[in-house]
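Chains as they are written, first to last, in our numbering: chain U, 1 to 278; chain F, 279 to 583. From the three backbone atoms N, C-alpha and C, an ideal C-beta is built for every residue, glycine too. The structure displayed is predicted, hence computed values, not measured ones. Before any comments, here is the structure.
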């Protein structure tokens with residue numbers, strides 16, 4: 001396993017993916033800060049004194065999964081996808097690596113690089129919040145630390161999922177498309193869940209013929225276990241993190257991320273153990 | 279005789295298709311073992327199984343004394359280099375970095391041998407040029423260099439001269455002969471270019487429809503190939519009845535060219551021709567090639583089936 005990990009890490013460094021991950025992390029942080037900063041400035045044009053505190057930091061950090069997933073999909077395609085596509089994975093298999101150690105080593109490198117990029121991204125945002133010439137109240141409190149840990153867990157889950165897809169499908173382009181499309185699919189899914197939860201319990205109905213208005217119970221209103229599941233999913237979605245944190249002071253993303261990680265790594269190990277690469 | 283690789287009744291099925299049917303091979307140490315077969319005969323599948331890229335449906339192989347069912351097979355596999363189908367290289371890395379990664383794959387901590395390998399395959403001047411910008415021949419040679427990392431005891435090469443120009447083929451042949459002679463590396467090689475294979479191989483296995491038809495050393499092959507005298511005559515139609523009467527084995531090539539397989543003196547052949555009023559215009563020794571031997575074997579197999 002150590003040999004496989006060393007091999008994967010060397011490949012990651014030699015193919016300049018490490019440098020690219022570092023640059024991408026810093027760039028993503030700077031772009032998030034600038035984009036949301038400009039937005040903030042536009043809506044609070046006349047607020048004085050100008051300041052940036054932890055709420056701004058939270059807003060920036062909770063937006064990260066929106067584009068960080070795409071970055072991870074590309075990284076996974078460049079690292080694992082290219083190895084399978086170029087058939088260089090066969091060089092490792094034929095030198096006696098077990099398939100499971102290859103998978104685990106690649107997964108570990110993907111996790112390390114994702115966490116590194118994300119840490120750099122968060123550090124860039126934090127550094128910019130602290131250094132821009134406005135009053136700053138941003139600091140690393142337990143809430144921000146917890147948020148960073150949860151973002152890390154979500155990254156790990158996506159890294160594991162994308163590595164599984166790369167190994168399972170063994171087609172770099174197709175896998176990249178599927179991985180990137182997961183972003184709008186999950187956003188759409190989250191939107192659907194939220195709109196189902198927002199259905200009112202009762203609503204006013206006016207009969208067009210008689211003109212009589214009556215209060216009716218909404219059949220689409222979710223109740224019982226179903227509502228609980230929907231609420232759980234809504235709070236667990238990485239694309240609902242800001243809303244979940246600011247309104248309910250809770251996010252279940254960590255549990256779902258850990259389950260996703262465990263399932264996808266387990267499935268990956270099972271899928272690769274007998275797989276014959278072209 | 280010491281064997282570096284033995285396969286015992288290897289079978290491989292993909293769904294209902296039986297790709298390999300009980301293949302048993304014995305590859306002597308230090309030999310250049312040519313695997314001859316048509317497209318789809320199962321050469322690549324056999325090589326993929328030997329290199330661990332595919333699992334046999336049944337049967338096993340023994341590599342340097344370790345069975346494929348043993349846990350130690352991974353360790354001995356480090357003593358094997360391979361180039362299956364086309365070279366598997368990182369196109370976004372230089373030749374040096376490609377070899378460095380393979381050295382790391384093999385668990386080697388010193389990279390001293392990389393320059394020597396690069397000069398062996400004549401890629402020492404490529405510098406930082408990415409492998410993606412290499413010509414096919416250069417990539418093929420890089421593939422060979424990757425296979426040679428760690429000074430392997432056995433090299434498994436599947437069609438290593440595919441797509442190479444004549445100069446590239448000669449270069450490849452020289453590299454392989456050099457490795458075999460100087461480092462005593464056993465080479466298992468398959469090629470469609472049988473003429474080229476016959477210049478390298480010391481042993482052959484003929485594979486057809488997933489079955490081994492014959493294993494033979496090059497000496498035995500030379501003894502077995504039929505020697506022929508190719509005659510250019512004024513008329514083969516006039517000569518043939520005389521050859522039939524004398525019980526001489528022959529094969530008509532066209533109206534004027536005929537191959538005589540029976541060993542006989544030139545003077546008696548000339549006398550026989552002249553007795554029928556046939557003039558011998560030209561005569562050459564024409565040994566049956568590896569290709570001919572293979573085609574005869576396939577012909578025999580098809581006759582049997």
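Look up residue i in the DSSP assignment and say whether it is helix, strand or coil.
i: residue 232/U; result: helix
i: residue 88/U; result: coil
i: residue 441/F; result: coil
i: residue 522/F; result: helix
i: residue 571/F; result: helix
i: residue 512/F; result: coil
i: residue 274/U; result: coil
i: residue 1/U; result: coil
i: residue 535/F; result: strand
i: residue 335/F; result: coil
i: residue 290/F; result: strand
i: residue 486/F; result: strand
i: residue 550/F; result: helix
i: residue 249/U; result: Per-residue confidence for residue 249/U stands at a pLDDT of 48, beneath the threshold of 50, marking its modelled position as unreliable; the derived number appears in the next sentence. Coil.
i: residue 343/F; result: coil
i: residue 399/F; result: coil
i: residue 361/F; result: strand
i: residue 436/F; result: strand
Mind checking if residue i is an interface residue toward chain U, Cβ cutoff 8 angstroms exclusive?
i: residue 290/F; result: no
i: residue 450/F; result: no
i: residue 293/F; result: no
i: residue 282/F; result: no
i: residue 411/F; result: no
i: residue 368/F; result: yes
i: residue 333/F; result: yes
i: residue 356/F; result: yes
i: residue 352/F; result: yes
i: residue 297/F; result: no
i: residue 360/F; result: yes
i: residue 558/F; result: no
i: residue 392/F; result: no
i: residue 572/F; result: no
i: residue 424/F; result: yes
Can you give me the start and stop residues for the beta strand (DSSP E) that residue i sits inside?
i: residue 494/F; result: 489-495
i: residue 468/F; result: 464-468
i: residue 608/F; result: Chain F is shown from 279 up to 583; residue 608/F falls before or after that span and cannot be answered.
i: residue 303/F; result: 295-306
i: residue 212/U; result: Careful: residue 212/U lies outside any beta strand (DSSP E) and carries neither H nor E.
i: residue 206/U; result: 202-206
Using beta carbons (cut-off 8 angstroms, strictly below), is residue i in contact with chain F?
i: residue 136/U; result: no
i: residue 192/U; result: no
i: residue 69/U; result: no
i: residue 100/U; result: no
i: residue 249/U; result: Confidence at residue 249/U is low in this model, with a pLDDT of 48, below 50, so the placement of that residue should be treated as unreliable; the coordinate-derived value is given next. No - not a single Cβ of chain F is within 8 angstroms of the one on residue 249/U.
i: residue 276/U; result: yes
i: residue 152/U; result: no
i: residue 93/U; result: yes
i: residue 110/U; result: no
i: residue 86/U; result: yes
i: residue 29/U; result: no
i: residue 237/U; result: no
Which residue's Cα is closest to the Cα of residue i: the options?
i: residue 104/U; options: 152/U, 265/U and 230/U; result: 265/U
i: residue 173/U; options: 75/U, 211/U, 205/U and 228/U; result: 75/U
i: residue 278/F; options: 555/F, 563/F, 331/F and 340/F; result: Since the first and last residues shown for chain F are 279 and 583, residue 278/F lies out of range.
i: residue 78/U; options: 369/F, 346/F, 359/F and 353/F; result: 369/F
i: residue 505/F; options: 568/F, 551/F and 457/F; result: 568/F
For residue i, report the span of its alpha helix (DSSP H) as first-last.
i: residue 60/U; result: 54-76
i: residue 146/U; result: 142-169
i: residue 124/U; result: 99-131
i: residue 473/F; result: 472-478
i: residue 30/U; result: 17-43
i: residue 347/F; result: Element bounds for residue 347/F: n/a, residue is neither H nor E.
i: residue 180/U; result: 172-197
i: residue 416/F; result: 414-426
i: residue 366/F; result: Here residue 366/F belongs to no alpha helix (DSSP H), and DSSP marks it neither H nor E.
i: residue 407/F; result: Where residue 407/F is concerned, there is no enclosing alpha helix (DSSP H), given that its DSSP letter is neither H nor E.
i: residue 325/F; result: 321-328
Contacting positions in the region 371-384 of chain F - beta carbon closer than 8 angstroms to chain U:
Listed in chain order, the positions of the region 371-384 of chain F with a beta carbon within less than 8 angstroms of a beta carbon of chain U are 371, 375, 378, 379, 380, 382, 383 and 384.
Near-chain F residues of the region 70-84 of chain U - C-beta to any C-beta below 8 angstroms:
Cβ contacts with chain F: 82.
Going along the chain, which residues of the region 311-340 of chain F sit with their C-beta nearer than 8 angstroms to a C-beta in chain U?
The residues in question are 326, 329, 330, 331, 332 and 333.
Along the region 449-472 of chain F, where does the CB come closer than 7 angstroms to a CB of chain U? Name the residues.
none
Interface positions of the region 1-15 of chain U facing chain F (Cβ-Cβ less than 8 angstroms), listed along the chain
3, 6, 7, 10, 11, 14 and 15
Compile a chain-ordered list of the residues in the region 167-179 of chain U whose CB is closer than 7 angstroms to at least one CB of chain F.
none
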